[in-house]
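Here's the structure, in structure tokens; my notes come after.
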Amino acid sequence: GYISLITVALNSMASRFITIKLHENNLKKANAYFNSVLISNIFLSGIILIPGIVFITELEKIINIPNNIINDVKILFMLTLLTFLVSLIGNVFSVATFAKNRLELSSVRDSVLNIIKAVLLVTAFALFKPSIIFMGIASVLLAIGTVLTNMLYTKKLLPEIKLSLKEFDFSSVKEILSSGIWNSFNKLSSILSTGLDLLITNVFIGATPMGILSIAKTLPGIILGVFGMLASVFSPQLTISYAKGEYDEIKMQLLSSMKILGMVASIPMVFLFVFGKEFFLLWVPTQDAVLLQKLSVATCLGFVFSLPLEGLWNIFTVTNKIKISSIFLFINSLLSTIGVFIGLQFTANIETKLLIVAGMSTIFSIIRALTFLPIYGAKCLNMRWFTFYPQIIKNAIAVVAITGITIFLKTQFDITTWMQLIIAAGGMSIIALIFNYYLILGKSERAMFSYKIKKLLHL
1 GYISLITVAL
11 NSMASRFITI
21 KLHENNLKKA
31 NAYFNSVLIS
41 NIFLSGIILI
51 PGIVFITELE
61 KIINIPNNII
71 NDVKILFMLT
81 LLTFLVSLIG
91 NVFSVATFAK
101 NRLELSSVRD
111 SVLNIIKAVL
121 LVTAFALFKP
131 SIIFMGIASV
141 LLAIGTVLTN
151 MLYTKKLLPE
161 IKLSLKEFDF
171 SSVKEILSSG
181 IWNSFNKLSS
191 ILSTGLDLLI
201 TNVFIGATPM
211 GILSIAKTLP
221 GIILGVFGML
231 ASVFSPQLTI
241 SYAKGEYDEI
251 KMQLLSSMKI
261 LGMVASIPMV
271 FLFVFGKEFF
281 LLWVPTQDAV
291 LLQKLSVATC
301 LGFVFSLPLE
311 GLWNIFTVTN
321 KIKISSIFLF
331 INSLLSTIGV
341 FIGLQFTANI
351 ETKLLIVAGM
361 STIFSIIRAL
371 TFLPIYGAKC
381 LNMRWFTFYP
391 QIIKNAIAVV
401 AITGITIFLK
411 TQFDITTWMQ
421 LIIAAGGMSI
431 IALIFNYYLI
441 LGKSERAMFS
451 YKIKKLLHL
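Quick note: the sequence shown, position 248, residue 248 per the working numbering, numbers continuous.
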């Protein structure tokens with residue numbers, strides 16, 4: 001994650017530049033961008049490899065590692081570095097499904113590869129002595145499979161793209177970097193606000209508390225990853241519409257993304273708020289389930305506002321207006337990190353320290369979700385500053401209302417088994433979807449949704 005600070009400047013904007021040139025039928029420039037990024041990534045991989053090996057060799061001097069697993073952790077880090085380098089070299093080939101708005105191909109591929117990864121891990125843990133090294137091996141294989149299929153998609157979807165060393169153009173690299181460099185600030189901001197907390201906990205509180213916080217952050221991490229993936233689905237069409245100058249279409253797509261993400265955002269939130277204790281009791285029965293729920297809620301409380309807005313982050317990349325958003329995010333995240341260090345000085349209680357680490361970034365994420373993102377996002381598209389607020393309010397009301405309904409219903413029964421938890425979560429999900437169907441969707445959207453459901457059932 002930290003190494004990607006170096007590479008994100010180039011790769012975060014590659015798809016945007018290549019896609020726009022393809023849809024402008026400027027194939028020469030599209031090829032220049034593509035080959036320049038590919039060759040640059042190969043060069044960067046060579047530069048990163050040496051210091052990466054040195055870092056891993058001295059790893060136990062940098063972070064706290066239990067003595068009995070030092071070698072396993074070093075091997076895992078080495079395999080993780082290899083995974084990163086493979087992904088970096090093949091990164092530009094992922095532009096094919098993006099540029100042609102065929103993300104379903106990569107999504108299906110990712111699903112299949114992750115199922116294969118899960119099978120490999122279960123088999124390895126079942127047949128051999130459990131080791132974290134298995135995670136690294138599976139990740140390397142997954143990265144290789146991803147790159148190979150992306151190369152196949154590129155050949156099939158973008159036959160106009162030709163690999164050639166002669167197409168390398170330093171000015172194209174410079175042009176992409178001039179915009180993408182600000183995404184390095186975004187990545188740094190993400191590390192400061194959500195990624196640095198485990199390292200801070202490890203160094204300043206201890207390895208065991210870090211393990212507790214890591215468990216608590218598992219569900220929030222999965223939730224954020226899923227919604228980040230869902231939001232990325234809207235990016236290709238936004239980029240294509242921007243290339244064609246269809247601004248009314250862009251506004252409609254953004255509002256639709258907020259409604260669609262808002263429809264489902266309340267489900268994981270309410271699950272953690274209401275059933276978090278029961279989930280952790282069943283998943284890690286030897287741990288303090290109440291503390292884990294507190295830490296999980298503290299970590300993702302801001303998701304109530306930020307998850308439905310995930311699609312709005314695409315605005316800055318699509319319009320190539322990244323500078324101001326990057327500076328704001330960096331300052332926001334830096335203040336969050338400073339707040340953590342200050343807060344840790346006022347208590348010796350381990351639980352309170354963990355809550356400070358988990359909750360500080362949440363406070364600042366709420367601030368940016370309710371102020372900067374909707375206001376500056378609207379400004380970049382020449383919309384009124386309050387364009388997105390009505391939908392934000394509806395999404396928040398939905399979470400509060402469904403939480404209240406679920407808490408009331410939960411008092412009617414006890415949850416002591418996985419099956420009971422699954423049934424309860426399923427019932428809550430149905431209630432949430434029905435409630436959101438009427439609150440979040442407009443009349444025309446409900447009609448369209450109902451039509452598609454009836455058509456599906458008829459088939």
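Even glycine gets a Cβ: it sits at the ideal position worked out from N, Cα and C.
Just so it is clear, the structure is predicted and the values come from calculations on it, not from any experiment.
Query	Result
DSSP-derived helix/strand/coil call for Thr57	helix
Contacts around Gln391, its chain only, beta-carbon distance under 8 angstroms, and the 5 residues preceding and following it disregarded	Leu255, Met258, Lys259, Gly262, Pro308 and Ile440
For Ser365 and Leu460, the rounded distance between their alpha carbons	Outside the shown range of the chain (1 to 459) lies residue 460, about which nothing can therefore be said.
Cut-off 8 angstroms between Cβ atoms - residues of its own chain near Phe170, not counting five sequence neighbours on either side	Ser36
Contact belief for Leu334 with Leu196 at Cβ below 8 angstroms, rounded distance in angstroms	With a Cβ gap of about 11 angstroms, Leu334 and Leu196 do not count as contacting.
Given Ala289 as reference, the closest of Ser4, Glu351 and Asn64 once Cα atoms are compared	Glu351
Minimum C-alpha distance to Ser328 - residue among Val318, Gly377 and Thr319	Position check: residue 328 holds Phe in this sequence, whereas Ser was assumed. Ranking the options by Cα distance to Phe328, first place goes to Gly377.
Contacting residues, own chain, Cβ-Cβ under 6 angstroms from Leu157 (five flanking each side not counted)	Ala96 and Lys100
Leu238 and Val318 closer than 8 angstroms at C-beta	yes
Enclosing alpha helix (DSSP H) for Phe128 [first to last residue]	Careful: Phe128 lies outside any alpha helix (DSSP H) and carries neither H nor E.
Contact under 8 angstroms by Cβ, Gly145 with Leu121	no
Beta-carbon gap between Phe227 and Glu310 smaller than 8 angstroms	yes
Buried versus exposed, by CB contacts within 10 Å (16 or more), Thr57	exposed
CA-to-CA distance, Ile176 to Met13, given in whole angstroms	6 angstroms
Met210, buried or exposed, once every other Cβ within 10 Å from all chains shown has been counted against 16	buried
Proximity to Glu278 [Cα-Cα], best of Gln420, Gly46 and Lys379	Gln420
Val173 and Leu82 closer than 8 angstroms at C-beta	no
As assigned by DSSP and simplified to three states, the class of Asn71	helix
Those runs of the alpha helix (DSSP H) which lie wholly inside the segment 149-201 and span at least 4 residues	170-190
Inter-residue CB distance, Ile402 and Ile431 (contact presumed, cutoff 8 angstroms)	6 angstroms
Beta-carbon proximity list for Phe273, same chain, < 6 angstroms, skipping 5 on both sides	Thr403
Per-residue DSSP class, three states only, for Asn64	coil
Integer Cβ distance of Ile3 from Leu76, believed to fall under 8 angstroms	No, Ile3 and Leu76 are not in contact; Cβ-Cβ is about 15 angstroms, not under 8 angstroms.
Within 8 angstroms, strictly: CB atoms of Ile315 and Leu381	yes
Counted within 10 angstroms of its Cβ, other Cβ atoms place Arg384 as buried (16 or more) or exposed	exposed
Pair within 8 angstroms by beta-carbon distance, Ile215 and Gln293	no
Inter-residue spacing [alpha-carbon to alpha-carbon] between Gly276 and Leu22	47 angstroms
Beta-carbon gap between Val357 and Thr218 smaller than 8 angstroms	no
Cβ separation of Ala243 and Ile20, assumed to be a contact under 8 angstroms, to the nearest whole Å	5 angstroms
Cutoff 6 angstroms; reference Phe168; Cβ partners in own chain excluding five residues on either side	Asn35, Ser36 and Ile39
Minimum length 4: unbroken alpha helix (DSSP H) runs contained in the segment 399-440	418-439
Cα-Cα separation, Pro220 to Ile50	34 angstroms
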